[in-house]
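K.L.:
To convert, take the position in the sequence shown, counting from 1, and add 15; that gives the working numbering.
Have a look at this one before I ask anything.
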Amino acid sequence: MMKLGVAVMLAVCVLASVAQAVELVSSVIDNGGGPMASSGGLFMWTSVGQPIVGGSGGDEGGCFAGWIWSGGGGFPSVEEAEDGLSIPQKFEVIALYPNPFSDFVVIKFTMPKGGEVQLMVFDVAGRLVYRETCRLESEVHTLKWQNPLTPSGVYFYQLKTDDGNTIKGKLVKIN
């Protein structure tokens, strides 16, 4: 009798699970993700097995997690850091462009912790020609120096944090 009861319960569970209606909206993307155009905009996503599972929506907003729609409201997209780390490991200049420059120069740098940063630019005689101080969070930052009144020549920059870290470099201005 007990075997019959277990068999009946198992049959009921199987039938109940089969009887549930499952509706897949849109399309199923396998291990690769891809774009989908709609009247609300362009959606991009990746699927399970990719470095990021997620996506972002168009006008009506939305966020995907795998294949599950998790609501509207204009969620931002997600990007992985190039080196796989979200917090920089050291204070360093990672890009300086263009150099030589004529109109402006961009200094891109990383900070492992937030704080005050000061950019100073000196001419070859050691005179301070530019200073900018700002409070920044721990991440990648970009500072732009644009001074049309300075003549062509060699300049030296110094990035200094409030905890004493300093980076120095050379800039060449041409007209």
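Cβ atoms here follow ideal geometry from the backbone N, Cα and C, with glycine treated the same way.
Under three-state DSSP, which class holds Ala110?
P.N.:
Taking the sequence shown and counting its residues from 1, one reaches residue 110 at position 95. Reduced to three states, the DSSP call for Ala110 is strand.
K.L.:
For a test of the three-state rule: what should DSSP assign to Val139, helix, strand or coil?
P.N.:
Translated into the one-based positions of the sequence shown, residue 139 becomes position 124. If DSSP states are grouped into helix, strand and coil, Val139 belongs with coil.
K.L.:
Leaving out five residues before and five after Asp178 in sequence, what residues of the same chain have Cβ atoms less than 7 angstroms from its Cβ?
P.N.:
Here the question's residue 178 lines up with position 163 in the sequence shown. Once the five neighbours on either side are set aside, the close Cβ partners of Asp178 are Gly130.
K.L.:
Does the distance from the CB of Gln161 to the CB of Phe124 come in under 8 angstroms?
P.N.:
By 1-based counting over the sequence shown, the position of residue 161 is 146. By 1-based counting over the sequence shown, the position of residue 124 is 109. No, these two residues do not count as a Cβ contact at 8 angstroms.
K.L.:
Using the Cβ count rule (16 or more neighbours within 10 Å means buried), how would you classify Lys183?
P.N.:
As a working note, residue 183 is residue 168 in the sequence shown. Burial call: exposed.
K.L.:
Go ahead and label Val21 buried or exposed: buried means 16 or more other beta carbons lie within 10 angstroms of its beta carbon, across all protein chains shown.
P.N.:
One-based indexing of the sequence shown puts residue 21 at position 6. Exposed, because fewer than 16 other Cβ atoms sit within 10 Å of the Cβ of Val21.
K.L.:
What are the boundary residues of the beta strand (DSSP E) that includes Ile122?
P.N.:
Sequence index remark: in the sequence shown, residue 122 carries index 107 (1-based). First-last of the beta strand (DSSP E) with Ile122: 120-125.
K.L.:
Tyr170 and Val136 look like a contact to me (Cβ under 8 angstroms); what is the Cβ gap, rounded to whole Å?
P.N.:
Against the sequence shown, residue 170 aligns to sequence position 155. Against the sequence shown, residue 136 aligns to sequence position 121. 5 angstroms between Cβ atoms; contact.
K.L.:
List the DSSP bridge partners of Val132.
P.N.:
Residue numbering aside, residue 132 sits at position 117 when the sequence shown is read from its first letter. DSSP output for Val132 lists Cys149, Thr176 as bridge partner(s).
K.L.:
Just checking my contact of Ile189 with Ser167 at CB under 8 angstroms: how many whole Å lie between their CB atoms?
P.N.:
The count along the sequence shown starts at 1 and reaches residue 189 at position 174. The count along the sequence shown starts at 1 and reaches residue 167 at position 152. That belief holds up - the Cβ atoms of Ile189 and Ser167 are roughly 5 angstroms apart, short of 8 angstroms.
K.L.:
Give the DSSP-derived three-state secondary structure of Lys105 in the structure shown.
P.N.:
Start at 1 with the first residue of the sequence shown, and residue 105 comes out as number 90. Reduced to three states, the DSSP call for Lys105 is coil.
K.L.:
Flag this pair as yes or no: are the beta carbons of Met126 and Leu151 separated by less than 8 angstroms?
P.N.:
Position 111 of the sequence shown, counting from 1, holds the residue named residue 126. Position 136 of the sequence shown, counting from 1, holds the residue named residue 151. Yes.
K.L.:
Thr9 lies in the beta strand (DSSP E); which residues open and close that run?
P.N.:
Because the chain in this structure spans residues 16 to 190, residue 9 falls outside the shown range and cannot be described.
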